[in-house]
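Have a look at the structure below before the remarks.
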Amino acid sequence: MAYNSADIAAFKNVWVFCEQRQGKMMPTTFELISEGRKLADELGVELCGILLGDDVDGIAAELGGYGADRVYVYNSPLLKNYTTDAYTKVIVDAVEEFKPEIMIYGASHIGRDLAPRCAARLHTGLCADCTHLDVDLNGYVEFLRTGSNVDVDNTNFETKMFDVNTNLKMTRPAFGGHLMATIVCPRFRPAMATVRPGVMKRRPFDEEGVKKVEIVHPDFELTEADVQTEVVEVVKAAKKLVDLIGAEYIVSVGRGIAKDVEGGIALAEELADVLGGVVGASRAVVDAGWMTADHQVGQTGKTVHPKVYIALGISGAIQHKAGMQESEYIIAVNKDENAPMFEIANYGIVGDLFKVVPLLIQSIKDAKAEA
Amino acid sequence: MKIMVTVKQVPDTSGRVAVNEDGTLNRASMQTIINPDDLNAVEEALSLKDKYGCKVVAFTMGPMQAEPMLRELLAMGVDETVLISAREFGGSDTYATSQIIAAAIDTYGIDDDDIIIAGRQAIDGDTAQVGPQIAEKLHLPQVTYAGEVKKDGNVLTVKRMLEDGYMTVKVSTPCMITCIKELNDPRYMSFRGTIECWEKPLTIMDYNALKDHELIDATTIGLKGSPTNIYKSFAPPVKEPGMILEGSGKETTDQLAHILTGKHII
Ligand SMILES: Cc1cc2nc3c(=O)[nH]c(=O)nc-3n(C[C@H](O)[C@H](O)[C@H](O)COP(=O)(O)OP(=O)(O)OC[C@H]3O[C@@H](n4cnc5c(N)ncnc54)[C@H](O)[C@@H]3O)c2cc1C
Ligand SMILES: Cc1cc2nc3c(=O)[nH]c(=O)nc-3n(C[C@H](O)[C@H](O)[C@H](O)COP(=O)(O)OP(=O)(O)OC[C@H]3O[C@@H](n4cnc5c(N)ncnc54)[C@H](O)[C@@H]3O)c2cc1C
Chain A
43 MAYNSADIAA
53 FKNVWVFCEQ
63 RQGKMMPTTF
73 ELISEGRKLA
83 DELGVELCGI
93 LLGDDVDGIA
103 AELGGYGADR
113 VYVYNSPLLK
123 NYTTDAYTKV
133 IVDAVEEFKP
143 EIMIYGASHI
153 GRDLAPRCAA
163 RLHTGLCADC
173 THLDVDLNGY
183 VEFLRTGSNV
193 DVDNTNFETK
203 MFDVNTNLKM
213 TRPAFGGHLM
223 ATIVCPRFRP
233 AMATVRPGVM
243 KRRPFDEEGV
253 KKVEIVHPDF
263 ELTEADVQTE
273 VVEVVKAAKK
283 LVDLIGAEYI
293 VSVGRGIAKD
303 VEGGIALAEE
313 LADVLGGVVG
323 ASRAVVDAGW
333 MTADHQVGQT
343 GKTVHPKVYI
353 ALGISGAIQH
363 KAGMQESEYI
373 IAVNKDENAP
383 MFEIANYGIV
393 GDLFKVVPLL
403 IQSIKDAKAE
413 A
Chain B
255 MKIMVTVKQV
265 PDTSGRVAVN
275 EDGTLNRASM
285 QTIINPDDLN
295 AVEEALSLKD
305 KYGCKVVAFT
315 MGPMQAEPML
325 RELLAMGVDE
335 TVLISAREFG
345 GSDTYATSQI
355 IAAAIDTYGI
365 DDDDIIIAGR
375 QAIDGDTAQV
385 GPQIAEKLHL
395 PQVTYAGEVK
405 KDGNVLTVKR
415 MLEDGYMTVK
425 VSTPCMITCI
435 KELNDPRYMS
445 FRGTIECWEK
455 PLTIMDYNAL
465 KDHELIDATT
475 IGLKGSPTNI
485 YKSFAPPVKE
495 PGMILEGSGK
505 ETTDQLAHIL
515 TGKHII
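Protein chains in written order, with the numbering used here: chain A, 43 to 413; chain B, 255 to 520.
Here it is, written out as structure tokens:
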């Protein structure tokens, strides 16, 4: 069978799906544009955003500030709210028209609904929930040098199967974070990936880019008959959700607060306040109903990479670590000296959090006053 | 009306998991379980069966060793199971997997009032791609991340969960729903079920059973037909051992605070 996607030479440029909700850009989009810029530079091609919505021109230019050369904007009342059918059709048609060689999406609840559907229709590969992307082989090897157990100096990275210097290498955790795999899509284009929110670093915003970015409105076809589902309502959670992903300092609590739940949370909040950070939680805490799900860090919660992550009474299950082990500094307080969290902590204190945390708050206040 | 559920047998990744020297998983070190989200899919199907008396059919693709899992599903109340198994299907990525499972479901037959339910994500491959890709191959509408499903005639009203709230979506049968653990609490096998499961049908669909289906083509199945390939796999890095401070009194917290300010960490 012949597929258009197999004509690799016909495909060029890096594309980012720019997710918006209710006319507001999702913060992950800026991370993806920043990462997309890196990939486009490695290939020496252009970086383009594709933005779907209803009357969303106003939020397109900002993408230039993070490195987009061009944004393709598709406006239609049928694109106001996300539907699998409408978004898949417009994206698949656009990909067939403009032929990007790489396309990345945020691994959000929308990106993970949309991207597999597009990949299946386009006959191409999709790598799920990536945490690292490389075109450049040297960059990939350097990433493995510090980011893996691979003995890179004694590993052969060449293969006859495909060109290792131009194919996108998409790295992702699988098996609940126990194994990392680097996936390639050598025979079809675009190579597609969903990227875990909060992992890629945002570039500094550049006002010049906003002026330079080109906004394009291609013709497209979309009718009500293309959409098989009906969105009845979109409801935002009433409570303001905690912004774990953007936080520099996170103080998380685990089941270790059980003997005084309110007191434990209050201590964590106070410590977070002193540091200018926010409070997170393990799944045990969320499952017990002590804190809401938006606080959960881990495989089925959020992935965070703050400057400092303080784990109070969290044992350090692999699923929890999966969401926080990339933190720059990890500090653990646990009464069990064998808690696995200590294995990845830069600094640990063995003791009762209810005794240690009040002292730590005082010590930090004192040290900050001295500094 | 019938409900078709897709169920995957997976290694239990919640305990300690051993990774071999070559970066592959030491599967022998792990127990296999029914993928957790798929138990929610089965429960949703069975509760629809309780209400409407419809048939529930479970499909799994995997090695012949998946049979005990299928008996377990039959004991929970599933009426029929289909094991899709062939050497040609091995090594499939999500594209190829979906292609094969879609062919099996289509071969079995889809009626206008049928519902297909998948788990959102399998805990081994962790991609959450197979549900949507089966739907695409069958040209069916999909609603993923279902946290609540209500049925009224041939229209389902689904609460589709988002990170910051939810969407209420209406969809007509036949359709694909992928479910999350919040959807329901899976039931256990009943005592009667454990006896009856041996009488219920367990069909095997091998390569010959599917090879004439339009979705099955040497270029779209198995390792060779998969658009993605694994280039390298490896264990995540083990961090440098940190330092456990001595004691837990004020001197210790002072020491920590000074390290942190001294290194400009805070
Ligand atoms: C598929 C799957 C997905 C999952 N996803 C996630 C996820 O996203 N996030 C997540 O967190 N978990 C997740 N889990 C659950 C995970 O396996 C653990 O069960 C959970 O992280 C444990 O939470 P915990 O550390 O708070 O509790 P526990 O494991 O019970 O640990 C409590 C710790 O507190 C310590 N302690 C007790 N009292 C005190 C005290 N007074 N002072 C100091 N220390 C004290 C104890 O020594 C212990 O180490 C997942 C599990 C599965 C199977
Ligand atoms: C380390 C590693 C990384 C991988 N990364 C990728 C990748 O990035 N992209 C890619 O395309 N492939 C990838 N694969 C291959 C992929 O894991 C397999 O194709 C797998 O069979 C299906 O994917 P999954 O486990 O992620 O299922 P998911 O898509 O997470 O499963 C969702 C639901 O689909 C149904 N389902 C899935 N598989 C079956 C089955 N065999 N039988 C019945 N129902 C099923 C279940 O209802 C399940 O809950 C990877 C494999 C490994 C080992």
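Cβ coordinates follow ideal geometry from the N, Cα and C atoms, glycine included.
Closer than 9 Å to chain B by CB, residue i
| i | result |
| --- | --- |
| Q338/A | no |
| N191/A | yes |
| C227/A | yes |
| N207/A | no |
| N180/A | no |
| P15/A | Past the edges of chain A, shown from 43 to 413, lies residue 15/A, and the structure says nothing about it. |
| C60/A | no |
| R325/A | no |
| A162/A | yes |
| A157/A | yes |
| I92/A | no |
| G358/A | no |
| L402/A | yes |
| A216/A | yes |
| G390/A | yes |
| V276/A | yes |
| G355/A | no |
| K410/A | yes |
9 Å Cβ cutoff, residue i in contact with chain A
| i | result |
| --- | --- |
| E402/B | no |
| G419/B | yes |
| K391/B | yes |
| K466/B | Strictly speaking, residue 466/B in this sequence is Asp, with Lys absent from that position. Closer than 9 Å: no. |
| L514/B | yes |
| K504/B | yes |
| D380/B | yes |
| P395/B | yes |
| A372/B | no |
| D508/B | yes |
C-alpha distance - residue i paired with residue j, whole-angstrom precision
| i | j | result |
| --- | --- | --- |
| D111/A | L105/A | 9 Å |
| V241/A | A149/A | 11 Å |
| V237/A | I50/A | 23 Å |
| S444/B | M330/B | 6 Å |
| L499/B | A235/A | 42 Å |
| F199/A | V206/A | 8 Å |
| S190/A | T213/A | 11 Å |
| H347/A | I513/B | 20 Å |
| K478/B | A472/B | 8 Å |
| I122/A | T398/B | The displayed chain sequence assigns Lys, not Ile, to residue 122/A. Approximately 19 Å, taken between the alpha carbons. |
| A320/B | P386/B | 23 Å |
| G407/B | V183/A | 56 Å |
| H174/A | T286/B | 29 Å |
| V277/A | P395/B | 22 Å |
| P69/A | I386/A | 29 Å |
| G358/A | G393/A | 16 Å |
| A267/A | F217/A | 40 Å |
| I391/A | G355/A | 11 Å |
Interface flag, residue i vs chain E, CB-CB below 9 Å
| i | result |
| --- | --- |
| E379/A | Considering every chain present, this structure includes no chain E. Its protein chains are A and B. |
Heavy atom of ligand 4 within 8 Å of residue i beta-carbon
| i | result |
| --- | --- |
| M145/A | This structure does not include ligand 4; its bound ligands are ligand 1 and ligand 2. |
Legend entry - Proximal residues, the segment 342-358 of chain B versus chain A, C-beta separation under 8 Å: D347, T348, Y349 and S352
Inset, instruction - Determine which residues of the segment 110-138 of chain A have a Cβ less than 9 Å from any Cβ of chain B, and write them out in chain order. - result: Within the segment 110-138 of chain A, the qualifying residues are N123, Y124, T125, T126, D127 and T130.
Inset, instruction - Taking only beta carbons into account, state which residues of the segment 474-489 of chain B come closer than 8 Å to chain A, listed in chain order. - result: T474, S480, P481, T482, N483, I484, Y485, K486, S487, F488 and A489
Legend entry - In chain order, each beta strand (DSSP E) run of at least 3 residues that lies wholly inside the segment 65-146 of chain A: 89-95 and 112-117
Inset, instruction - Give the residues from the segment 290-302 of chain A that approach chain B closer than 9 Å (Cβ to any Cβ), ordered along the chain. - result: Hits within the stretch, in order: Y291.
Legend entry - Residues proximal to ligand 1 by C-beta, any heavy atom closer than 5 Å: Around ligand 1, the residues whose beta-carbon falls short of 5 Å from at least one of its heavy atoms are G296/A, R297/A, G298/A, S324/A, R325/A, A326/A, G340/A, Q341/A, T342/A, G343/A, G355/A, I356/A, S357/A, A359/A, Q361/A, H362/A, N376/A, K377/A, D378/A, A381/A, D394/A, L395/A and S268/B, given in chain order.
Inset, instruction - Please specify which runs of the beta strand (DSSP E), each continuous and at least 3 residues long, are wholly inside the segment 249-304 of chain A, giving them in chain order. - result: 256-258, 271-278 and 291-295
Inset, instruction - May I have a chain-ordered list of the alpha helix (DSSP H) segments no shorter than 4 residues that lie completely inside the segment 170-205 of chain A? - result: 179-189
Legend entry - Complete beta strand (DSSP E) runs within the segment 367-446 of chain B (minimum length 3 residues, chain order): 369-373, 396-406, 409-416, 419-426 and 429-433
Legend entry - Ranges of the alpha helix (DSSP H) found wholly within the segment 454-514 of chain B, counting only runs of at least 4: 461-464 and 476-479
Legend entry - Inside the segment 279-343 of chain B only - alpha helix (DSSP H) runs reaching at least 4 residues: 290-306 and 321-330
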